[in-house]
Amino acid sequence: MEQKRKAWLVLADGTVLEGESFGAQGTSIGEIVFTTGMTGYQEVLTDPSYYGQIVTQTYPLIGNYGINLDDMESSASHVRGYVVREWCDQPSNFRVAMDIDQFLKQQNVVAICGIDTRHLTKKIREYGVMNGAVTTEYDRLDQAKLQEQIRAFSITGAVQAVTCQSAREEKSEKGLYRVVLMDFGYKRNIVRSLNSRGCDVTIVPASTTAQEILSMHPDGVMLSNGPGDPEENVGPIGEIKKLFDHGVPMFGICLGHQLTALATGARTTKLKYGHRGANQPVRDLARDRTYITSQNHGYAVEGETVDPAIGQVSHVNANDNTVEGVRYLRKPCFTVQFHPEASAGPRDTSYLFDEFIAMMEKEAE
Amino acid sequence: MPKRSDIKKVLVIGSGPIVIGQAAEFDYAGTQACRALKEEGLEVVLINSNPATIMTDKAMADKIYIEPLVPEVVKKIIRLEKPDSILPTLGGQTGLNLAMELAEEGFLEEQGVKLLGANPETIQKAEDRQAFKDTMLAIGEPCIPSKVVEEIDDALAFAQEIGYPVIVRPAFTLGGTGGGIAYDPEQLREIGSNGLRLSPITQVLIEKCIAGWKEIEYEVVRDRKGNVITVCNMENIDPVGIHTGDSVVVAPSQTLTDKEYQMLRSAALNIITELKIEGGCNVQFALYPNSFEYAVIEVNPRVSRSSALASKATGYPIAKVAAKIAIGYCLDEIPNAVTGKTCACFEPALDYCVVKFPRWPFDKFVYADKELGTQMKATGEVMAIGQSFELAMMKAAISIELGMETLTLPELAAKTEEEVIQLLHHADDHRIFVVYEALKRHVSWDVIFEITKIDKWFLAKFQKLADMELRLAGGDDSEQTYVQAKKMGFLDKTIRRLTGKEIKKPMLAGYSMVDTCAAEFTAETPYFYSNFGGDNEAAEYIAHRDSGKKKVVVFGSGPIRIGQGIEFDYCCVHCAWALKEKGMEAVIANNNPETVSTDFDTGDRLYFDPLNPEYVKALIETEKPWGVVVQFGGQTAIKLTKFLKDMDVRILGTSADAIDEAEDRERFDELLERCRIPRPVGETVFTTQQALEAAERIGYPVLLRPSYVLGGQNMIIAHGEKDVREYMAIITAHELENPVLIDKYMMGIEAEVDAICDGEDYLIPGIMEHIERAGIHSGDSISVYPAQNLSKRIQDTIVDYTARLAKELKIVGLMNIQYVIYNDEVYIIEVNPRSSRTVPYISKVTGVPMVDLATRCMLGERLRDMGYGTGLYPVGDYICVKVPVFSFQKLRDVDTQLGPEMKSTGEVLGVAKTLPEAIYKGLVAAGYKMKREGGVLLTVRDADKHDIVPIADKFASMGFTLYATGGTALRLNKNMISTNAVRKMHEPHPNIEDLIESGKVDYVISISQKGRDPHRDSVKIRRKVVERSIPCITAIDTARVLADCLSLGEQVEDIEVVDMTKI
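First to last, the protein sequences are chains Z and V.
Residue 184 in this note's numbering sits at position 184 of the first sequence, with consecutive numbering throughout.
Residue 422 in this note's numbering sits at position 422 of the second sequence, with consecutive numbering throughout.
Right, dumping it as structure tokens:
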């Protein structure tokens, strides 16, 4: 039997959990979060919104169907570390290209298995998100120094780290609409969702100005998801304000939703341990319906700070009543905190893309 | 949207007797529904023919009718009770079909009764094959190429077109009854004709066979606003081709990517949305393993066995939520009982893996065709939860109680590799164990996959278990290996046996909580499963909520099997309720996902784990209970007695020693000696030689059975030496831990009592008398309460003997005694120092809450203070007849001839003012059509030829045409009863087979000297009769009762219904 290498998960509160190493070797510090999705680990690993975070899977059996080449949500993994109870060395699925260990090694993600992830999840639930490190060198390195680094860690410059460097177009088959996607760390399924509805999508870096965007004469602007503290994105917030005032149809998802709120005068706040998973119930207040949504966010818009003259809360989380969507009143703009593009997770709210199309149609008239 | 204001009084239809394909899960669903409705202040009227259920308990509904589930009776109750609504989606296929029938004929509309949960069009769309296909087509959901046919020729033509093999699925039948896979026209002719006959609308679906695709199920819930959720998805380890009820199932799915998972999830939601179901629904898919191609196999527009499993697997109470939705609530208004904070409109996230394993009756029906296919054969199932697949799988294997500790089936050890590979081709009850054996021998995954189509992910997991077993057997006793083995579910006992070494640092299990949310929120669910090497959340929970109350653990009865059915769950649940009422904390331990006992709010805490010593030990260490109860969980719980006693745990009620005294043959004999109670002479033997000698001494016929039995398992009447040899050969094939008992067989009247005892006083709620004479298992006999033919002297003797035994054994709680009255003397047959099958129904018909009183006795209360008196309880105004119900149609090659070994799966009750009326109701409820014209075929053994004459005469005088085989015909004709002689099976055509096929026969009375072996003509005939759905009587006493009953001319319309709450 192959000798198993040790690995450690070191938490900011001093807890050290011992497990086994898989994926890359080394030490990686990040913010520890957990996600409750039972499928979709590949999408999680490639979702840029996890930038700077060490992701814990609450589902104990990870890697069952391996990694395939189609279900990437971006070209690389942005997680800072990966924590599972058990990973599968014998994956089975017709699309398997490699096992999860190979993928993590390829992406240089330090991962640990053999961890009581339920215990860890309860800890995060009680104390809130916490910094930590996954390391394969705990027995060799300066432990006090590591602890210091862990405490000092914060996610900064997240959007800059994951956004594209230059604009790029993804054409659709029908070419009915022209959409500019501001890339704060977009998930590919946003583009796929737009393409399949006949939108040619131009993906632009987060630093693109409103003027540059408007000069492309888009039918609509899509504000993508992305990582980090929304308030940090001072530049993009300003540009979004201009786009908003201009009146181009806009649809924001996740970070795009938060940035729009900030641009229109509302505030955001950090949640204790966020929403990450594929089972979050969200109430669509206008439709009087509750949908199961895919989510991945640590910050939320404070509902009471949304100026009723500008916008109104359109969606709330049925579990904790946090804001899940805002519909703006005088401008053709709506945003949601959850992920209608799914991947991973339920597709029940994909109708929002249709609403975006309808909004573009209406504005064009 | 809140509760609808137009609903005030709801009729709930139950699912009737337990049969294969429709088991305890509907008692669970019905009970949850009734409670949910009552909670809303609605008046609930309940009808169910099954008296062993919890739902038919006084507290469950305002009006309770234990009546035949036939349209005439339901109509009568509707006219009488005038409910404004009817809830048909929680009573299985039976409840749904009944409601549909009433809706279709316009009766419900005429009476102003609304159908809740689903409308007739919906049910039609889901249940009628063609309508279903059209609906799926309309919403773009793919189906398997198929065609509905009503003629066998059309079936053959279509099969020609799409190519063999094809699957035959009869419309509107339970658990796929009458279906099967046909590989050629000849097979299609046979299976197709049979299916057409069994379908109430003479319709079958001929479908392209997609055996080998993955079978995936989704449990979906929808409300009237259109909110939809999936509670759980499940993956069958056995691919399409084996009925999901007979498959090993895992939840959630393991081999699906998110794309596949979401594709099927969206499809399931589209379907429930299109069908506009308000409540729960089960959708089954076939997924091609090498692409995204899928097909919808089936939709059940109601709660089902799978939804019970999904509820227990996730903690999400589907039936309760479905009931609330049916009366108007929406998902986002119903609180999540688990977290107490969130709402029911969410999808559970699991942080563990669940394995369901079926329990088949083949240990009892050794001659049954064990091949698994589209027709379900399992009587019950177990569920196991673990943080790894390996652990869950191993727990499941232990929980099915077939004496297995790992997936190693000892009998396979002697097979060669070729033989093992050959066995892989048989999808039977041993399939998984054969796969495991093959893996142990390093047969390649490709070979195994090619034959079984079991996904390689599962093979890899089984391989890990096999490798570990081999490693341990190689003597590896390192600590690292031990810890790994524990996390994979190996028992200490097994590890010791395999390594041959003692364990240095034994690990004891801790517990994790089932919380629906993977620990995302703090949960309130007192629902636990064991883990190795994790937190002990149960201990934390107990420490946090120390109520100061005494804790009592009630051990459940495990999977439903023949001889240990739902009645034990009834007893466990009532015990838990009684304990709570008495200020105790009731803790339930069980592993059957179909039951009320494993609902997390039945007791104060629930442990879902194997009921074997090691797991029980961990539970006791965590709970540190004040006492435990073993007498309500059937043999499963009783078996734990010695272990618990050795652990120094306080066993409430009858002492472990007394239990042993009643079950150990020698001690029992001494006991009877002391009490001066006669019993049929008998001896104890271990070998065939001893058995033959003993039988010689006692004199034939003799009764043979293993000691420590339940449900007459492996019990036969031997008429000669050959029978003894055959029996001993079968029984000694298994490990012979306990001896075999040989008794003189006395063919007398059987009587039975259950008694509640407090150590000094006793209370007998009633004496039951069996219609069939001794020799037929009590569970298979028609039983009458109160006894009709026992003299005062005999009854007094029975009471006296019962009292003596209760005192001598110092019984505290329940006991059950069976007597035989032979030549006007009372003999004792057996004493069971525990609850019995008859407790629920006797409790209901006498009004004596037996389990409640028994539990109070165990806590030290005195019977005389309880208000029900002592001695024999006075007889009430009603006569009750319990009629057994069988599942023979689903078990090919099983002889239907009744004998000392129990064969029934369920029971119904007929309650009336007079005996004939009660019998009539019982028979109707059991499914007899009570036709009063047509033909009767008689073929009886010599011993019964004398007795058959008056019975045949009765049939003849009613105008029936009589047919009989040689000897019987001769005897009847000699007695001036004109009878058509029929040639036997091996004689030239037309013979008895042709007669049965002809449709001229409406009743068959077939009693043969021997049976069992499916190659015998008598057995073949009875099989043919059963497959043609012709009532087949195999005991002379049953035949007499049937003839008497028919001759009275009672009509279903005349049935007088009885509200059980008024008794």
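All C-beta atoms in this analysis are idealised placements derived from N, C-alpha and C, irrespective of residue type, glycine included.
Just verifying my parser: in three-state terms, what is the DSSP assignment at residue i?
i                       : result
residue 189 of chain V  : helix
residue 1059 of chain V : strand
residue 303 of chain Z  : helix
residue 164 of chain Z  : coil
residue 217 of chain Z  : coil
residue 48 of chain Z   : helix
residue 728 of chain V  : helix
residue 772 of chain V  : coil
residue 29 of chain Z   : strand
residue 245 of chain Z  : helix
residue 472 of chain V  : helix
residue 555 of chain V  : strand
residue 330 of chain V  : coil
residue 213 of chain V  : coil
residue 679 of chain V  : coil
Is the CB-CB distance between residue i and residue j below 9 Å?
i                      : j                      : result
residue 361 of chain Z : residue 350 of chain Z : no
residue 509 of chain V : residue 555 of chain V : no
residue 295 of chain V : residue 283 of chain V : no
residue 394 of chain V : residue 465 of chain V : yes
residue 842 of chain V : residue 789 of chain V : no
residue 170 of chain V : residue 220 of chain V : no
residue 677 of chain V : residue 804 of chain V : yes
residue 352 of chain V : residue 387 of chain V : yes
residue 741 of chain V : residue 654 of chain V : no
residue 417 of chain V : residue 443 of chain V : yes
For residue i, go through chain B and note every residue whose CB falls closer than 8 Å to its CB, in chain order.
i                     : result
residue 94 of chain Z : Any reference to chain B falls outside this structure, whose protein chains are Z and V.
Residues of chain V with CB closer than 8 Å to the CB of residue i, please, in chain order.
i                      : result
residue 151 of chain Z : Within 8 Å Cβ-Cβ: nothing; residue 151 of chain Z doesn't reach chain V, min ~25 Å.
residue 289 of chain Z : 225, 226 and 227
Residue i versus chain V: which residues are under 7 Å apart at the beta carbon?
i                     : result
residue 19 of chain Z : Those do not exist, as residue 19 of chain Z stays about 12 Å from chain V at its closest Cβ, beyond 7 Å.
residue 40 of chain Z : 258
Give me the chain V residues within the contact set of residue i, using Cβ-Cβ distance strictly less than 9 Å, ordered along the chain.
i                      : result
residue 354 of chain Z : Near residue 354 of chain Z there are no residues of chain V at all, since even the closest Cβ is about 15 Å away, more than 9 Å.
residue 321 of chain Z : The contacting residues do not exist; residue 321 of chain Z stays about 11 Å from chain V at best.
Using a Cβ cut-off of 9 Å, pull out every chain Z residue sitting near residue i, in sequence order please.
i                      : result
residue 457 of chain V : 64, 65, 88, 90, 91, 92 and 93
Who are the neighbours of residue i on chain Z, taking C-beta pairs under 8 Å?
i                      : result
residue 350 of chain V : 38 and 59
Pick out the complete alpha helix (DSSP H) segments inside the segment 277-322 of chain V, 4 residues or longer, and give them in chain order.
-> 305-314
If we count Cβ pairs, one from each stretch, closer than 8 Å, do we get three or more for the segment 18-30 of chain Z versus the segment 79-92 of chain Z?
-> A contact exists between the segment 18-30 of chain Z and the segment 79-92 of chain Z.
Which residue spans inside the segment 602-633 of chain V form an unbroken alpha helix (DSSP H) run of at least 4?
-> Taken in chain order, the unbroken stretches of alpha helix (DSSP H) that lie wholly in the segment 602-633 of chain V and span 4 residues or more are 613-623.
Evaluate contact between the segment 294-311 of chain V and the segment 238-250 of chain V, counting only Cβ atoms and requiring at least three cross-stretch pairs below 8 Å.
-> yes
Pair every Cβ in the segment 909-923 of chain V with every Cβ in the segment 932-945 of chain V, then say whether three or more of these pairs are closer than 8 Å.
-> no
Is it a yes or a no for the segment 350-360 of chain V touching the segment 368-383 of chain V, going by three-plus beta-carbon pairs under 8 Å?
-> yes
Validate contact between the segment 759-775 of chain V and the segment 790-809 of chain V using beta carbons, cut 8 Å, 3 pairs | yes
At least 3 beta-carbon pairs within less than 8 Å: the segment 443-457 of chain V vs the segment 427-435 of chain V = Flag = yes, the segment 443-457 of chain V and the segment 427-435 of chain V touch.
Would you call the segment 139-158 of chain V and the segment 204-215 of chain V touching, i.e. three or more CB-CB distances under 8 Å?
-> yes
Just list the beta strand (DSSP E) runs in the segment 323-409 of chain V, keeping only unbroken ones of 3 residues or longer that don't cross its boundaries, in chain order.
-> Segments of the beta strand (DSSP E) lying fully in the segment 323-409 of chain V: 353-359 and 380-386.
Can you give, in chain order, each stretch of the alpha helix (DSSP H) that sits fully within the segment 99-156 of chain Z and has at least 4 residues?
-> 100-106, 117-127 and 143-152
Would you say the segment 297-305 of chain V touches the segment 272-286 of chain V, given that touching needs at least three Cβ pairs under 8 Å?
-> Three or more beta-carbon pairs separated by less than 8 Å link the segment 297-305 of chain V to the segment 272-286 of chain V, which places the two stretches in contact.
Please determine if the segment 778-792 of chain V and the segment 855-865 of chain V are in contact, where contact requires at least 3 C-beta pairs separated by less than 8 Å.
-> Contact fails: fewer than three Cβ-Cβ distances are below 8 Å.
Give a yes or no on contact between the segment 99-119 of chain V and the segment 131-142 of chain V, applying the rule of three or more CB pairs nearer than 8 Å.
-> Too few Cβ pairs lie closer than 8 Å, so no.
Which ranges would you report for the beta strand (DSSP E) in the segment 141-167 of chain V if only whole runs of at least 3 residues count?
-> 146-149
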